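S.K.: The sequence shown begins at 1 in the numbering used here and counts up by one.
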Amino acid sequence: MIVFITPLILYLLCIVALKKLIPFLTRMSLVDYPTKRSNHFSLVPKGAGILIVPLLIFSISIIFFFKNILTTQWIIFVLSLAILYSVSLIDDIKNLSASSRLFVHFISVAISIFALKNEIMFFMENNVLSWINHDPLVIFYIICGVLTVLWIWIINLFNFMDGMDGLTCIQVLLLAILTNLLSVFGLLSENFQHLSLVLISLFLAFFKLNRPPAKIFLGDVGSIPVGFITGLILIKALLNDGPFIPIIIVLMFYFFDSTITLFNRLIKKKKIMQAHSDHFYQKILRAGQTHNQVLKKIIVLFIVLLFLAMLSLTFPLSSFLFSVIITLSFLIYLQLLSKR
């Protein structure tokens with residue numbers, strides 16, 4: 001019963017608490033100031049993650065405990081999440097250097113990768129050693145290194161993309177819905193079923209205040225931990241021969257927009273960790289379309305990607321290719337609209 005009651009309580013509690021949090025953040029000057037690169041024209045409180053992440057940590061810990069699925073591995077994941085939350089909160093208040101943030105991201109991910117060592121060994125023995133004849137220890141460390149870079153990239157990807165009313169909220173809801181469906185089908189562990197329900201509850205509540213025009217932003221204190229959770233879901237699915245492709249598909253827009261933007265900035269010799277407004281969705285906003293107009297377009301894409309993600313369980317390659325073509329076409333469409 002607690003599994004079904006907790007999400008409902010969370011939803012109601014989160015809405016009430018966020019409404020109380022908004023004036024507090026304003027008084028504390030934790031607000032997003034409009035700048036030349038900004039997509040907003042008025043002060044908006046930032047820091048919804050101050051409330052959402054602790055509620056998430058507390059809820060899954062309680063549910064996992066009562067369901068007897070709170071393993072040592074998940075305790076490590078929760079601790080890593082708490083570290084990222086704490087440092088990101090400091091960053092929202094004091095603006096830490098990019099190197100300091102990346103160092104903490106690396107430590108948190110490295111600890112979590114260590115907790116996954118048995119699954120990495122399983123993945124290596126069943127998927128790598130059969131076609132690569134090399135020292136297993138070397139291969140193990142290479143896999144750990146690749147996963148670490150991937151996870152850190154996903155963490156920062158969510159931070160980069162959290163720049164439009166409702167966007168990250170809808171992406172998290174899409175991922176959580178897919179994760180829940182995959183768990184119900186037995187393709188992901190029970191932990192992810194409960195985690196996804198908590199995410200759905202919290203971000204449905206958050207969307208009521210973050211949809212255009214946003215009354216509050218997530219802040220680094222929210223986007224960084226959400227990126228960590230996303231990386232965890234993706235990497236867990238990969239290592240356990242689970243539904244890796246469906247998860248990649250629902251994240252396709254985030255991956256392509258942020259990665260293409262990163263390479264464009266590298267080519268133009270711009271600082272990649274510096275705040276900017278070069279993302280595809282930001283360009284169309286700056287061209288004159290409203291947050292609501294752009295979000296509706298992206299939601300249509302997300303619905304298509306969710307359909308393709310489920311279809312990929314039967315037709316993995318064709319569904320993946322279609323999602324790549326559709327997402328790239330959508331980005332081209334946004335680029336053309338921004339030039340009008």
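Don't be surprised by glycine CBs; every beta carbon is placed ideally from N, CA and C.
In this text, all values refer to a predicted model and were calculated from it rather than measured experimentally.
(1) Can you tell which of L43, L81, T72 has the C-alpha that lies nearest to the C-alpha of F58?
(2) Please name the residue in A110, A309, K283, T71 whose C-alpha comes closest to that of I332.
(3) My understanding is that S201 touches P7, with C-beta atoms under 8 Å, so please give their C-beta distance in whole angstroms.
(4) Would you tell me roughly how many angstroms separate the C-alpha atoms of F77 and R340, rounded to the nearest one?
(5) Assuming L199 and A176 are in contact, meaning their beta carbons sit under 8 Å apart, how far apart are those beta carbons, in whole angstroms?
(6) Identify which residue in I216, L311, Y281 has its Cα closest to the Cα of S42.
(7) Going straight from the alpha carbon of P54 to that of N133, what length do you get?
(8) Apart from the five residues just before and just after L209, which ones in its own chain have a Cβ nearer than 6 Å to its Cβ?
(9) On the DSSP bridge list, what partners appear for I45?
(10) Which residues in the same chain have their Cβ closer than 6 Å to the Cβ of A115, if we skip the five residues on either side of it in sequence?
(11) What would DSSP say about W185, mapped onto helix, strand or coil?
(12) Reducing DSSP to helix, strand and coil, say where F217 ends up.
(13) Going by beta carbon distance, what residues of the same chain come within less than 8 Å of I139, once the five residues before and after it are set aside?
(14) Should K268 go down as buried or exposed, given a rule of 16 or more other Cβ atoms within 10 Å for buried?
(15) Does the beta-carbon distance from S312 to P246 come in below 8 Å?
(16) In whole angstroms, give me the CA-to-CA distance for L181 and D92.
(17) Which two residues bound the contiguous alpha helix (DSSP H) that contains W74?
(18) So the alpha helix (DSSP H) S130 belongs to, where does it begin and stop?
(19) Relative to the C-alpha of N197, which residue among V172, F122, L187 is closest?
M.R.: Judging by the given coordinates:
(1) Position 58 of the sequence shown holds residue 58. Nearest C-alpha to F58: L81.
(2) By 1-based counting over the sequence shown, the position of residue 332 is 332. The shortest Cα separation from I332 among A110, A309, K283, T71 belongs to K283.
(3) By 1-based counting over the sequence shown, the position of residue 201 is 201. By 1-based counting over the sequence shown, the position of residue 7 is 7. Going by Cβ atoms, the distance from S201 to P7 rounds to 4 Å, so yes, they are a contact pair.
(4) By one-based count along the sequence shown, residue 77 stands at place 77. By one-based count along the sequence shown, residue 340 stands at place 340. Going from the Cα of F77 to the Cα of R340 covers about 46 Å.
(5) Walking along the sequence shown from the start, residue 199 turns up at place 199. Walking along the sequence shown from the start, residue 176 turns up at place 176. Confirmed, about 4 Å.
(6) Here residue 42 corresponds to residue number 42 of the sequence shown, with the count starting at 1. Residue I216 is the option with its Cα nearest to S42.
(7) Position 54 of the sequence shown, counting from 1, holds the residue named residue 54. Position 133 of the sequence shown, counting from 1, holds the residue named residue 133. Distance between the alpha carbons of P54 and N133: 45 Å.
(8) Taking the sequence shown and counting its residues from 1, the one referred to as residue 209 is at position 209. Answer for L209: L18, K215, I216, listed in chain order.
(9) Sequence index remark: in the sequence shown, residue 45 carries index 45 (1-based). It should be noted that the sequence gives Pro, not Ile, for residue 45. In DSSP, P45 forms a bridge with V31.
(10) Taking the sequence shown and counting its residues from 1, the one referred to as residue 115 is at position 115. Hits under 6 Å: Q73, I76.
(11) Residue 185 sits at position 185 when you count from the first residue of the sequence shown. Correcting the residue identity first, residue 185 is Phe in this sequence and not Trp. Coil.
(12) Position 217 of the sequence shown holds residue 217. Residue state, collapsed to three classes: strand.
(13) Taking the first residue of the sequence shown as 1, we reach residue 139 at position 139. So the list reads M124, V128, L129, I132, once near-sequence residues are dropped.
(14) Taking the sequence shown and counting its residues from 1, the one referred to as residue 268 is at position 268. Classification for K268: exposed.
(15) Within the sequence shown, residue 312 is the residue found at index 312, counting from 1. Within the sequence shown, residue 246 is the residue found at index 246, counting from 1. Yes, the Cβ-Cβ distance between S312 and P246 is below 8 Å.
(16) Start at 1 with the first residue of the sequence shown, and residue 181 comes out as number 181. Start at 1 with the first residue of the sequence shown, and residue 92 comes out as number 92. Between L181 and D92, the C-alpha separation is close to 34 Å.
(17) Taking the sequence shown and counting its residues from 1, one reaches residue 74 at position 74. Here the alpha helix (DSSP H) through W74 covers 72 to 94.
(18) By one-based count along the sequence shown, residue 130 stands at place 130. Counting along the chain, S130 falls outside any alpha helix (DSSP H), and DSSP gives it neither H nor E.
(19) To locate residue 197, count along the sequence shown from 1; it is residue 197. It should be noted that the sequence gives Leu, not Asn, for residue 197. For L197, the nearest C-alpha among the options comes from V172.
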